[in-house]
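Order-wise, the sequence lines are chains A and B.
Everything in the first sequence is counted per our numbering, starting at 5 for the first residue and increasing by one.
Everything in the second sequence is counted per our numbering, starting at 491 for the first residue and increasing by one.
Every residue, glycine too, gets a C-beta built ideally from N, C-alpha and C.
Quick caveat: nothing in here was measured; it's all calculated off a predicted structure.
The next block holds one structure in the form of structure tokens; read it before the comments.
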Amino acid sequence: MDKSVKTAKEALGKAKIKDGMTVMVGGFGLCGIPENLIAALRDSGVKNLTVISNNAGVDDFGLGLLLETRQIKKMVSTYVGENATFEKQFLDGSLELEFVPQGTFAERIRAGGAGIPAFFTPAGVGTVIAEGKETRVFNGKEYVMERGLRADLTLVKAYRGDKAGNLVYRKTARNFNPMMATASDFTIAEVEQLDEIGQIDPDFVHTPGIYVDLILKGEKYEKRIEQRTNRPKGGARA
Amino acid sequence: MKSESSKERIVQRAALELKSGYYVNLGIGMPTLVANYIPEGMEVVLQSENGLLGIGPFPYEGEEEPDLINAGKQTITETRGASYFSSSDSFAMIRGGHVDLTILGAMEVDQEGNLANWMIPGKMVKGMGGAMDLVAGAKRVVVTMQHGAKDGSSKVLKKCTLPFTGKKVVHRIITDLAVMDVMPDGLHLLETALGVSVEDVKKATEAKLVVNNVKIGTY
Numbered sequence: 005m006d007k008s009v010k011t012a013k014e015a016l017g018k019a020k021i022k023d024g025m026t027v028m029v030g031g032f033g034l035c036g037i038p039e040n041l042i043a044a045l046r047d048s049g050v051k052n053l054t055v056i057s058n059n060a061g062v063d064d065f066g067l068g069l070l071l072e073t074r075q076i077k078k079m080v081s082t083y084v085g086e087n088a089t090f091e092k093q094f095l096d097g098s099l100e101l102e103f104v105p106q107g108t109f110a111e112r113i114r115a116g117g118a119g120i121p122a123f124f125t126p127a128g129v130g131t132v133i134a135e136g137k138e139t140r141v142f143n144g145k146e147y148v149m150e151r152g153l154r155a156d157l158t159l160v161k162a163y164r165g166d167k168a169g170n171l172v173y174r175k176t177a178r179n180f181n182p183m184m185a186t187a188s189d190f191t192i193a194e195v196e197q198l199d200e201i202g203q204i205d206p207d208f209v210h211t212p213g214i215y216v217d218l219i220l221k222g223e224k225y226e227k228r229i230e231q232r233t234n235r236p237k238g239g240a241r242a
Numbered sequence: 491m492k493s494e495s496s497k498e499r500i501v502q503r504a505a506l507e508l509k510s511g512y513y514v515n516l517g518i519g520m521p522t523l524v525a526n527y528i529p530e531g532m533e534v535v536l537q538s539e540n541g542l543l544g545i546g547p548f549p550y551e552g553e554e555e556p557d558l559i560n561a562g563k564q565t566i567t568e569t570r571g572a573s574y575f576s577s578s579d580s581f582a583m584i585r586g587g588h589v590d591l592t593i594l595g596a597m598e599v600d601q602e603g604n605l606a607n608w609m610i611p612g613k614m615v616k617g618m619g620g621a622m623d624l625v626a627g628a629k630r631v632v633v634t635m636q637h638g639a640k641d642g643s644s645k646v647l648k649k650c651t652l653p654f655t656g657k658k659v660v661h662r663i664i665t666d667l668a669v670m671d672v673m674p675d676g677l678h679l680l681e682t683a684l685g686v687s688v689e690d691v692k693k694a695t696e697a698k699l700v701v702n703n704v705k706i707g708t709y
């Protein structure tokens, strides 16, 4: 089953993107983000997007590109500290924001993709996050109910993939990509290396191809580093 | 202004909370520095909630990997025997009680073990990241912080005034002045920092302090 397409633009065309849709975008900070698909989404001009992503990029890269053009109506995130455009649009009321604790965020997406409509977690109990939500006591401890999360479209980035959509991630660039790939009606994956079917050892596939509708080799990768941190030569640890 | 040395003092004392064989998650900022003081020969595995067990030192210049960062988005390295996993697996191990210890910063903490470290009403909120899951799931929660605010008011309170990150989650508090444990009858004062008396700690603390067998000037 060959799911490969040539470009991010072609993939978005086949995904029938439209104004007002909800899109999950993989990555943690700028690590493991689908750079080429984000740029193509910007170029497509779709508006009023609800974007589910751990962070919101930086001013001129990642999801910051879609904020700059005001294509995002609402963000569902866990932390948005690195983006001045975001702050400005949030404070002037033009951007909605929903914060979710990071573990709850990951599990809501995992549940959404796994056919689980809701679950109970200890995270956020006794905080504003639990306000208005059902709580229950199990074995003497209080938990809050959180709902599974799904989207119309998911954009993920993997290091390697084959034309059947099997994906292999690299290091901490994996992050939210695997669960997001499972939780949408349509999933597009971009990879640095696109292999023929059979070239990836089945024992080492992280995301099985069933979750991926289209796959493409990214045109170019900047893979920008947010906080370049070094130790001195010959120096101590950390 | 608090000096750099008071921060170093907190960090060095916090490193004594580590035990051989522990899996530990260090929060962003001051807690990250605890890694600098892991005693030679002690086997501690550092967890990064963005999907790594086995955080190594920061890379040398020219050896940074865009695909390898910590939760503070800093470039890092991996240790021998490290493993990578997804964010849902990462928080499953946190929430599931597999992480022995987390050390986190705080804006306020109180005598019931409530922690506030993510939002100030009226100010731009950046988000809680993984803090709520960490305090709800780690086996032991240690908070590192300055004892007082810049205006001199206490940050160790009877009741937090800021929105909670977690309710009744903190086990131990390490400040520039003292080490305290959260107990049902108040905060038990265990140790004071060098040059700090019990009286100094009492004056700087709004919370109820229980003073019994205090070790003076231990760090």
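Same chain only: Cβ atoms within 6 Å of residue i, ignoring 5 sequence neighbours per side
i	result
A242/A	In this prediction, A242/A has a pLDDT of 46, which is less than 50 and means its spatial position is unreliable; nothing more can be read from the coordinates.
K657/B	N604
R151/A	A122
V514/B	V534, L536 and L591
L677/B	Q601, M670, A697 and L699
G169/A	K7, G213, V216 and I219
E230/A	G33 and L34
I76/A	L53, V55 and L70
Y512/B	V534, D590 and L591
I663/B	V599, V633 and M670
Opposing strand residues paired with residue i [DSSP bridges]
i	result
V731/B	Shown here, chain B extends from 491 to 709; a query on residue 731/B therefore has no answer.
L69/A	BP columns for L69/A are empty, so no partner.
N515/B	Q537/B and T592/B
Y147/A	R140/A
G546/B	T567/B
Y574/B	L542/B
Q197/A	R164/A
M79/A	V55/A and L101/A
L677/B	V672/B and L699/B
A705/B	Inspection of the sequence shows that residue 705/B is occupied by Lys rather than by Ala. Partner(s): E681/B.
I559/B	T565/B
I664/B	T634/B and V669/B
M28/A	I56/A and T158/A
Whole-Å CB distance - residue i paired with residue j, under 8 Å assumed
i	j	result
A606/B	P653/B	6 Å
I610/B	P521/B	Their Cβ separation, rounded to whole angstroms, is 20 Å, which puts I610/B and P521/B out of contact at 8 Å.
V669/B	V633/B	At roughly 11 Å, the Cβ-Cβ gap does not stay under 8 Å, so V669/B and V633/B are not in contact.
M618/B	T82/A	7 Å
G544/B	G571/B	6 Å
M184/A	G30/A	5 Å
V704/B	E681/B	7 Å
E146/A	V129/A	5 Å
Y550/B	R228/A	About 20 Å; that fails the 8 Å criterion.
P105/A	M597/B	With 8 Å as the limit, P105/A and M597/B do not qualify as a contact, their Cβ atoms being about 17 Å apart.
Interface residues of chain A facing residue i [CB-CB closer than 8 Å]
i	result
K657/B	V129, G130 and T131
G562/B	Q231
Contact set between residue i and chain A, taken where Cβ atoms lie within less than 7 Å
i	result
M618/B	T82, F103 and P105
E555/B	K175
N540/B	F32, T176 and N179
P521/B	Neighbours of P521/B on chain A: none; closest Cβ ~12 Å, over 7 Å.
L558/B	K175 and T176
Same chain, Cβ closer than 7 Å to residue i, neighbours up to 5 away in sequence not counted
i	result
S612/B	Correcting the residue identity first, residue 612/B is Gly in this sequence and not Ser. For G612/B, where only same-chain residues beyond five positions count, there are no Cβ hits under 7 Å.
V524/B	V501, A504, A505, L516 and I593
R232/A	none
I204/A	R164, D166, N170 and V172
Y574/B	G541 and L542
K51/A	D23 and Q75
Contacts of residue i in chain B (Cβ-Cβ under 9 Å)
i	result
K77/A	None at all; the shortest Cβ gap to chain B is about 18 Å.
L95/A	M614
Within chain B, partners of residue i - CB distance below 7 Å
i	result
E194/A	In chain order: nothing, as chain B lies at least about 14 Å away.
D237/A	The amino acid at residue 237/A is misidentified as Asp; the sequence shows Lys. Residues of chain B passing the Cβ test: Y550.
R232/A	E554 and T565
Proximal chain A residues relative to residue i, where beta-carbon distance stays under 9 Å
i	result
Q537/B	Simply none; closest approach about 12 Å.
A626/B	P105, G107, T125, P126, A127, G128 and V129
is_contact[residue i, chain D] using C-beta, thresh 9 Å
i	result
M614/B	Protein chains A and B are contained in the structure displayed, whereas chain D is not.
Sequence-distant residues of the same chain with beta carbon closer than 8 Å to residue i, five excluded per side
i	result
G202/A	D166
D675/B	K698 and V700
D666/B	K492, S496, K497, R499, I500, Q636, H637 and A683
K629/B	G587, V589, D590 and L591
K10/A	L220
Proximal residues of chain B, C-beta to C-beta of residue i below 8 Å
i	result
M28/A	Near M28/A there are no residues of chain B at all, since even the closest Cβ is about 12 Å away, more than 8 Å.
| Is the region 25-36 of chain A close to the region 156-170 of chain A, with three or more CB pairs under 8 Å? | As far as the Cβ criterion goes, the region 25-36 of chain A touches the region 156-170 of chain A, which means the pair count is three or higher.
| said: Check whether the region 581-598 of chain B and the region 528-548 of chain B are in contact - that is, three or more C-beta pairs closer than 8 Å. | reply: Using a Cβ-Cβ distance cut-off of 8 Å, the region 581-598 of chain B and the region 528-548 of chain B are in contact, since at least three pairs of beta carbons, one from each stretch, lie closer than that value.
| task | Spell out a yes or no on whether the region 168-181 of chain A and the region 9-21 of chain A are touching, meaning 3 or more CB-CB pairs, one atom from each, closer than 8 Å. | result | As far as the Cβ criterion goes, the region 168-181 of chain A does not touch the region 9-21 of chain A, which means the pair count is below three.
| message | With three or more C-beta pairs closer than 8 Å as the rule, is the region 185-196 of chain A touching the region 213-226 of chain A? | response | The answer is yes - the region 185-196 of chain A touches the region 213-226 of chain A, with three or more Cβ pairs under 8 Å.
| query | Do the region 596-603 of chain B and the region 86-97 of chain A meet, that is, are 3 or more Cβ pairs less than 8 Å apart? | reply | By the Cβ rule, the region 596-603 of chain B does not count as touching the region 86-97 of chain A, because fewer than three pairs are nearer than 8 Å.
| field | Any 3 or more C-beta pairs closer than 8 Å across the region 637-654 of chain B and the region 566-582 of chain B | value | No, because fewer than three Cβ pairs between the region 637-654 of chain B and the region 566-582 of chain B fall closer than 8 Å, the two stretches do not touch.
| request: Please determine if the region 94-102 of chain A and the region 114-121 of chain A are in contact, where contact requires at least 3 C-beta pairs separated by less than 8 Å. | output: Between the region 94-102 of chain A and the region 114-121 of chain A there are fewer than three C-beta pairs closer than 8 Å, too few to call the two in contact.
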